[in-house]
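Visitor: Residue numbers for the sequence shown follow UniProt numbering, beginning at 1 and rising by one. Please find one structure pasted underneath; my questions will follow.
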Amino acid sequence: MRDPFHNPFPATDEARHAIWEMLVPRDIDAFLAADWSMVAHDFVEDGFIGISGNREDDPDKWTLAFPNLHAYRDEWLKQAKDFAAQTYGEDPRTAIFTTTTLEEIEISGETALVRKKFDGGIKKADGSLDVMRWQTLYYCRLHEGRWKISGFTGYLPNPMGHR
């Protein structure tokens, strides 16, 4: 059984190891703390773009939700604060790690395509389940000596073709 807290890429695979650390533990911990400063250095601001798939299979329904990093940061902070205001029936950090899979990273030179998937949910205090079932394609670049996010297409159905 997979250990959701364990980086599946060995330290000798420096690029993939670093990308996983950025997009899984650092991203989750910053989100739970609602602290953008923990991840602000993980982005390439110049030319950043974020597409929302709006949980739709049809690309005609996708939108340019984040034309720049500031727009994404504002939405990220809003979602993080909304999440923090909820009451959960289990440890949210463990639930998010368990729900998250990032095992596919394609690298060509100084560019990477990263597939991060969510499949599961978090039990709320009232017994209901906050379903987490979507995926994101991150575009990363080696920038200023480290891997950073230059954009993404996210909020896609997981799996595609099933809503």
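Beta carbons: idealized from backbone N, C-alpha and C, even for Gly. Bear in mind the structure is a predicted one, so any value in this text is a computation, not a measurement.
Can you list, in chain order, the residues of its chain whose CB lies under 6 Å from that of Ser52, leaving out five sequence neighbours each side?
Guide: Counting only Cβ-Cβ distances below 6 Å, and skipping sequence neighbours, we find Thr63, Ala65 and Tyr155.
Visitor: Under 8 Å Cβ to Cβ from Ala15, same chain only, skipping five residues before and after it: list those, please.
Guide: Ile105, Ile107, Ala112, Leu142 and Trp147
Visitor: Residues bridged to Asp119 by DSSP?
Guide: Arg133
Visitor: Under DSSP, the beta strand (DSSP E) around Lys148 begins and ends at which residues?
Guide: Taken as a continuous stretch (DSSP letters only), the beta strand (DSSP E) holding Lys148 covers Arg146 to Pro157.
Visitor: Give the single residue among Glu144, Tyr88, Tyr138 and Asp60 whose Cα lies nearest to the Cα of Val24.
Guide: Tyr138
Visitor: Alpha carbon to alpha carbon, what distance is there between Phe5 and Phe31?
Guide: 16 Å
Visitor: Which residues bound the alpha helix (DSSP H) around Thr94?
Guide: Pro92 to Thr99
Visitor: Who does Lys78 pair with in a DSSP beta bridge?
Guide: Paired residue(s): none; Lys78 is not in a bridge.
Visitor: List the residues that DSSP assigns as beta-bridge partners of Ile107.
Guide: Ala112
Visitor: Is the beta carbon of Asp42 closer than 7 Å to that of Met22?
Guide: It is a contact, given that the beta carbons lie within the stated cut-off.
Visitor: Just mark Leu69 as buried or exposed, buried being the case when its beta carbon has 16 or more other beta carbons within 10 Å.
Guide: buried
Visitor: Using only alpha-carbon positions, find the residue among Thr99, Glu45, Phe83 and Asp35 that is nearest to Gly151.
Guide: Glu45
Visitor: Could you round the C-beta distance between Trp20 and Trp76 to whole angstroms and report it? I think they count as a contact, below 8 Å.
Guide: With 8 Å as the limit, Trp20 and Trp76 do not qualify as a contact, their Cβ atoms being about 19 Å apart.
Visitor: So is residue 167 buried or exposed if we call it buried at 16+ other beta carbons inside 10 Å?
Guide: Here the chain has residues from 1 to 163 only, and residue 167 is not among them.
Visitor: So, helix, strand or coil for Arg55, using DSSP?
Guide: Of the three classes helix, strand and coil, the one that applies to Arg55 here is coil, per DSSP.
Visitor: In the structure shown, what three-state DSSP assignment does Ala30 receive?
Guide: helix
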